[in-house]
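K.L.:
Here you go, one structure.
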Amino acid sequence: MEQQEHGSIIGARARDLAASVRTGEHSAREVVAAHLDRIAEVNSAVNALLDVQPETALAQAAAIDAMPPEVRSRLPLAGLPVAVKDLIPARGFRYTQGSPIFAERVATTDHVVVERMRAAGAVIVGKSNTPEFGLGSHTFNPVTGVTRNPYDLDKTAGGSSGGAAAALASGMLPIADGSDTGGSLRNPASFCNVVGMRPSLGAVPNHPGGYGFGTLSVKGPMARCVADVRLLFDVIAGRHPLDPLSADTLPGPKGAGPAAAWSPDGGMGIRAAWTPDFGGEISVSAEVLSVLSPAIDRLAAAGFRMESGHPDLGGAREAFRTLRGLQMFNNLAPLARDHADQMKEDALWNARVGRDVTGAQASGALATQSRVFQKMAGFLEDVDILLTPTCQVAPFDVHERYPRSIDGRVLDDYLEWMTLPSIITLTGHPAISIPAGFTASGLPVGLQVVGRYRDDRTLLAMAQVVEAVVGSGHIAPQADLSTARDRFPTIH
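For reference, each letter of the sequence shown is one residue, going 1065 to 1556 in this note's numbering.
Here it is, written out as structure tokens:
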């Protein structure tokens, strides 16, 4: 394909690409081939994707092109290449979960998210990299190595959906799926200047999943803009009979158009509360706040009804850790019993923490979760959205496992630097990270927008307005990633 043709595809908005396939302006094969070429060009430097299968992908694309036009016209994701996060199965692709235990496993079934993407016309091209078992917000594992940040290859892409975020930022994919327990959709979105949405609990089904009544982990969409996140959300959301917490319906109309009730020209009247650190309870770096404070000022100037404030989420940090520990014990203890020598210390630590949770701690955590849900829901009766930093730090050195301190304050462990997104997790409310600018050294910073429970489409509509005022997602990485591959060998 001519380089000029590539230029009209790589970096284009997902909804525009899908529309071009539906109308015949582009074939699905053209769209997929362009992205496969981009993957071949830059993935060796970024290391975002694994088990890329060009022939399989092109065959899927050819099948879409062979469909009758009236059938293809009904595919919302027609011809869009996707790499499935390597924590869930996609039939015919490796399913390693970043662990040596499963390094050669190949999935024989699809996760429901994959089923729905395929049915909507998406083309599965490979898998996206993740930390071992999705643990931690820095994507590295002993099977496929570390994922680098396209904005600075010496920095982390975040995690655990780091491969997905880096692939989006570097133009290898137009949309991506991910998952989030304590920030795994939002953190890499912030670090890679893309959009990542943690839906309301139950909005997107999780099957197969071995912790069906768990209240922390959700699946969700990522893309380079809010409208494309909304496009994918509409495909993957909705009840599944084998997920007990999945929702039948969600309020709001489907579609990728802007919110009709608001305009970025001013006077839209969206009521927004801003908290940089929950009243000083959470350490947030001055570097991050130096980017977000001007963004908040721009929202006020654009007509948002801004106020300072936050709900009382006291006890949420400890409750999240307790419930997370129980989930990790369920997921990891059987593996630790039989394969401890093949698991990193973080995974073994998580299994031990969960094992030691007492009944009193578990019941107390559930009571706290109920209280903070009610506090957040009550707070959002008086404002439309809550704004916070997505992450407490900017992207850090790719050789570090996690930040040890924030502006000189030493952190307790590898979870503390993600306290802010994790306490939002405990409330069950939907949250989305929107690119909001760059640090003085050119590193992306995201703004977290929290909306009302099970009102995800209204949150998406308001997020589009926030994006129109402060969004920086249109600013692509400046480095020539295709020339960097030899300078950046894979780190395990």
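Just so you know, even glycine gets a beta-carbon here, dropped at the ideal spot from N, CA and C. Keep in mind the model is a prediction, meaning the values are calculated, not measured.
With DSSP as the reference, please indicate the residues paired to residue 1439 in a beta bridge.
P.N.:
Here residue 1439 refers to the residue found at position 375 of the sequence shown. DSSP, once it has assigned bridges, lists no residue as partnering residue 1439.
K.L.:
By the DSSP assignment, the alpha helix (DSSP H) with residue 1528 in it spans what residues?
P.N.:
If you number the sequence shown from 1, residue 1528 lands on position 464. 1520–1534 is the extent of the alpha helix (DSSP H) around residue 1528.
K.L.:
Based on Cα-Cα distance, which residue from 1370, 1491, 1234 and 1546 lies nearest to residue 1433?
P.N.:
Sequence index remark: in the sequence shown, residue 1433 carries index 369 (1-based). Per the Cα distances, 1491.
K.L.:
Going by DSSP, what residues sit across from residue 1569 in a beta bridge?
P.N.:
What is shown of the chain runs 1065 to 1556, which leaves residue 1569 out entirely.
K.L.:
Does the beta-carbon of residue 1298 have 16 or more other beta-carbons within 10 angstroms, so that it is buried, or is it exposed?
P.N.:
Mapped onto the sequence shown, residue 1298 falls at position 234. Residue 1298 should be labelled buried.
K.L.:
Starting from the C-beta of residue 1460, find all residues in its chain whose C-beta is less than 7 angstroms away, skip the five residues before and the five after it, and write them out in chain order.
P.N.:
For the purposes of this step, residue 1460 is identified with residue 396 of the sequence shown, where counting begins at 1. Apart from sequence neighbours up to five positions away, the residues of its chain that approach residue 1460 with a beta-carbon distance below 7 angstroms are 1219, 1220 and 1467, ordered along the chain.
K.L.:
Going by beta carbon distance, what residues of the same chain come within less than 6 angstroms of residue 1121, once the five residues before and after it are set aside?
P.N.:
The residue you call residue 1121 lines up with position 57 of the sequence shown. Closer than 6 angstroms at Cβ, skipping near neighbours: 1096, 1187 and 1189.
K.L.:
Determine the burial state of residue 1422: buried for a count of at least 16 other Cβ atoms within 10 Å of its Cβ, exposed for fewer.
P.N.:
As a position in the sequence shown, residue 1422 is number 358, starting the count at 1. The residue in question, residue 1422, is exposed, as its Cβ has fewer than 16 Cβ neighbours within 10 Å.
K.L.:
Within 10 angstroms of the Cβ of residue 1047, are there 16 or more other Cβ atoms? Answer buried if so, exposed if not.
P.N.:
Nothing can be reported for residue 1047: it is not among the residues displayed for the chain, which extend from 1065 to 1556.
K.L.:
Which of helix, strand or coil does DSSP assign to residue 1369?
P.N.:
Within the sequence shown, numbered from 1, the residue matching residue 1369 stands at position 305. Residue state, collapsed to three classes: strand.
K.L.:
How do the stretch 1106–1121 and the stretch 1200–1213 stand: do at least 3 beta-carbon pairs fall below 8 angstroms, yes or no?
P.N.:
yes
K.L.:
Assign residue 1177 to one of two classes, buried (16 or more other C-beta atoms within 10 Å of its C-beta) or exposed (fewer than that).
P.N.:
In the sequence shown, counting from the first residue as 1, residue 1177 sits at position 113. Buried, since its Cβ has 16 or more Cβ neighbours within 10 Å.
K.L.:
Checking 8 angstroms against the spacing of the C-beta atoms, do residue 1251 and residue 1201 come in under that value?
P.N.:
Taking the sequence shown and counting its residues from 1, one reaches residue 1251 at position 187. Taking the sequence shown and counting its residues from 1, one reaches residue 1201 at position 137. Between residue 1251 and residue 1201, the gap from beta carbon to beta carbon is short of 8 angstroms.
K.L.:
With distances taken from CA atoms, which of 1274, 1448, 1389 and 1470 is nearest residue 1371?
P.N.:
Mapped onto the sequence shown, residue 1371 falls at position 307. For residue 1371, the nearest C-alpha among the options comes from 1448.
K.L.:
Judging by CA-CA distance, which residue of 1206, 1138 and 1151 is the nearest neighbour of residue 1182?
P.N.:
By 1-based counting over the sequence shown, the position of residue 1182 is 118. Looking at the Cα atoms, 1138 is the closest of the given residues.
K.L.:
Would you identify the three-state DSSP class for residue 1391, choosing helix, strand or coil?
P.N.:
Here residue 1391 is taken as the residue at index 327 of the sequence shown, counted from 1. Of the three classes helix, strand and coil, the one that applies to residue 1391 here is helix, per DSSP.
K.L.:
Tell me whether residue 1547 sits in a helix, a strand or coil according to DSSP, three-state version.
P.N.:
Taking the first residue of the sequence shown as 1, we reach residue 1547 at position 483. Helix.
K.L.:
Count the other C-beta atoms from every protein chain shown that fall within 10 angstroms of the C-beta of residue 1278, then say buried if there are 16 or more, exposed otherwise.
P.N.:
Taking the sequence shown and counting its residues from 1, one reaches residue 1278 at position 214. When all chains shown are included, residue 1278 counts as buried.
K.L.:
How far does the alpha helix (DSSP H) with residue 1296 in it extend, from its first residue to its last?
P.N.:
Looking up residue 1296 in the sequence shown gives position 232. Segment 1290–1300, the alpha helix (DSSP H) holding residue 1296.
K.L.:
Quick one: what does DSSP say residue 1364 is sitting in, helix, strand or coil?
P.N.:
Mapped onto the sequence shown, residue 1364 falls at position 300. Correct three-state label for residue 1364: helix.
K.L.:
Would you kindly work out how many angstroms separate the C-alpha atoms of residue 1306 and residue 1271, rounded to a whole number?
P.N.:
Numbered from its first residue, the sequence shown carries residue 1306 at position 242. Numbered from its first residue, the sequence shown carries residue 1271 at position 207. Cα-Cα distance, rounded: 7 angstroms.
K.L.:
Residue 1172 by DSSP, collapsed to three states: which one?
P.N.:
Indexing the sequence shown from 1 puts residue 1172 at position 108. Residue state, collapsed to three classes: coil.
K.L.:
Where does residue 1501 sit, in a helix, a strand or coil, going by DSSP?
P.N.:
Locating residue 1501 in the sequence shown gives position 437, counting from the first residue. Correct three-state label for residue 1501: strand.
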